[in-house]
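Reading through the structure tokens given below for one structure.
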Amino acid sequence: MSGEIDLAVPRTLSHAIGHDAQGYFGRQATDRLVRYAQSHAVPWERAGAVVDIDFLNDRASWYGLKFASIDRFLAAIGGTVLSGTGASRVIRLPWTDNSVYVVAEFINSADAWASGSRYPYEFYSNDNNRMTASRNTSGFLGVAAVTAGTTSYLPAGFGPIGGPILRVAASYGATMRGAYNGQDAQLSTNWPGAPVVTNLVVGGDRNGANFASPFRRFTIYADAVTDTARIKADSLPVWDCWVDGDSYGGGAGNPEIGFGRSLALLGWTPYMTAVGGSTLEQIKTRMLAAPAFAKALPTLWWDGDNNSFDATTANDVARHQAIIAALGHTNYLIIPTAKREGQSASAQTAVTALTAALLAAYPGKVLPCMPYLLSLSNGTTDVTAVANGNVPPSALMVDGVHLAAPAMTGIAALVDSAMRGFGWGMAA
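Letter by letter, the sequence shown follows residues 711 to 1138 of the working numbering.
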């Protein structure tokens, strides 16, 4: 035990000292710093938590007892796996408390919101006695409770769903309350009576249907919370970095693949502002207008496809310089444009020139994507493209523009390694 404590304490402090939930360095309030440290101190549970399950890191705690794996946790408390594997497991836990406070944080995968009603979690004893959070066909996450056949809904849904990370805080008691991703709207409704609850299903519905969205973490506190300010604060993800750019950052294609989502699958929580089809000028304008907390975060931007490229290299270097000046710190990483077939000769020349200029101007702060992408050649149909220094067609989706999942995942892994090397810190 002492060895675990010795290892956990410096890790906790390094995360807490680095930045608070809003990204500010050295200005956080003590309570926010403590919550930030707790949320990053896996496997140490959140203060006051009855259940704390970290799916990505395969850890869990139950009333303060810590388990080395979710399987050991389930075996100890009499829980079961209803379906799925790994972080996508649907698990059922015995439950007896009817007043609870839930903070659930999970990654939005494309299939999780594809169609129909999906349940991230349900407290229940039967169909007429349950509390649920479910996705509706419009892409909203709604919270409802049923007791003796009477249904009570929070007056608005949590959504529309967007970005790779969704964090919902919902309190169940005589009054239901909730918030998601720090949104301003505080949602509440009277809920007459509290049903008897005997089970909790996390990651699916009562029949074990997979929600198909891997949870990062699922935490339950024993008592209902009436402080809406706390609910809003607890629903705010602890952003690890800020990602902007075009569709390479934000996602495109079918299935939708984006750099931000790929980083999320590696455990980061990116604040996402990338917009498909953006020019570098539009990226610059958007980043300059971003809120202060975003500018304080470790920042990455990827103008993946040079939409409306500027043939004058100096103009584009100046755009990058304006972004850097607006940040006011050196925790940033630029990913230059990909050179691919289908771009005009002048556009390809501009890509090559700009990449060289950025490498010269900002050494150590530029991660070119082309060396890795060229290494993905299949050695047959990609030969001509690679000989011309272009992205191998086999690494692109059927549209010939955007990166397929393996290529995007590989780039994300390179950036993940670079950020760890910089010591920027991330959610454990």
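Backbone N, C-alpha and C define an ideal beta-carbon position, used for all residues, glycine too.
Values in this document were obtained by computation on a predicted structure and should not be read as measured data.
Check whether residue i and residue j have beta carbons under 8 Å apart
| i | j | result |
| --- | --- | --- |
| G959 | I967 | no |
| S1104 | T1119 | no |
| I875 | V761 | no |
| S988 | G955 | yes |
| V1125 | L1043 | yes |
| V1111 | D1015 | yes |
| L998 | A1024 | no |
| R877 | P947 | yes |
| T936 | T885 | yes |
| G913 | I801 | yes |
| Y1082 | I1121 | yes |
| W949 | T979 | yes |
| A785 | S771 | no |
| S945 | A879 | yes |
| V953 | G977 | no |
Per-residue DSSP class, three states only, for residue i
| i | result |
| --- | --- |
| Y658 | Nothing about residue 658 can be read from this structure; the chain reaches only from 711 to 1138. |
| Q1058 | helix |
| G970 | helix |
| A1122 | helix |
| R940 | helix |
| S779 | coil |
| R676 | There is simply no residue 676 to check, as the chain begins at 711 and stops at 1138 in what is shown. |
| S881 | strand |
| G1131 | helix |
| S771 | strand |
| A685 | In the structure displayed, the chain extends from 711 to 1138; residue 685 sits before or after that span and is not available. |
| V810 | strand |
| D764 | strand |
| S798 | helix |
| A962 | strand |
| L1068 | helix |
| N1025 | helix |
| L694 | Not covered by the structure: residue 694. The range shown for the chain is 711 to 1138. |
Candidates the options, of which the one nearest residue i by Cα
| i | options | result |
| --- | --- | --- |
| N909 | L792, P1102, A1055 and A1004 | L792 |
| G867 | G1110, F833 and T899 | T899 |
| P830 | D837, N838 and A843 | A843 |
| G794 | Y773, F925 and S771 | F925 |
| Q1031 | A1067, A919, G1052 and A785 | A1067 |
| G1052 | G1099, A855, R996 and L1007 | G1099 |
| Y834 | A855, A1000 and V907 | V907 |
| S779 | G788, D764, T790 and Y773 | D764 |
| N917 | C1079, P1008, T790 and L975 | T790 |
| L1113 | P1008, S957 and G1133 | S957 |
| P1116 | L975, N836, A1004 and A770 | L975 |
| G1074 | T860, T806 and N1041 | N1041 |
| G852 | G859, Y890, K994 and E815 | Y890 |
| C1079 | P804, P1046 and L803 | P1046 |
Per DSSP, the bridge partner or partners of residue i
| i | result |
| --- | --- |
| I1044 | W1011 and V1076 |
| P669 | Only positions 711 to 1138 of the chain appear in the structure, and residue 669 is not among them; the question remains open. |
| M886 | T899 |
| Y831 | A843 and V912 |
| S862 | A855 |
| T790 | R802 |
| E815 | R877 and R927 |
Inter-residue Cα distance where the pair is residue i and residue j
| i | j | result |
| --- | --- | --- |
| S1127 | L1069 | 19 Å |
| G888 | F928 | 15 Å |
| D933 | V813 | 12 Å |
| R940 | G892 | 10 Å |
| Y811 | G1089 | 55 Å |
| L1086 | P1102 | 7 Å |
| I787 | A797 | 19 Å |
| F1019 | V1027 | 12 Å |
| A757 | S862 | 30 Å |
| G1131 | A1000 | 26 Å |
| A1097 | R1050 | 12 Å |
| L973 | D1013 | 16 Å |
| A855 | Y882 | 9 Å |
| F850 | S1056 | 44 Å |
| D915 | L1064 | 51 Å |
| A984 | L990 | 11 Å |
| L1084 | V1061 | 15 Å |
Chain B contact for residue i (CB, 8 Å cutoff)
| i | result |
| --- | --- |
| N900 | Going by chain labels, chain B is absent from the structure shown, which holds only one protein chain. |
Cβ-heavy atom distance, residue i to the ligand HEM, below 7 Å
| i | result |
| --- | --- |
| A879 | Ligands in the displayed structure: none, and consequently the ligand HEM is not present. |
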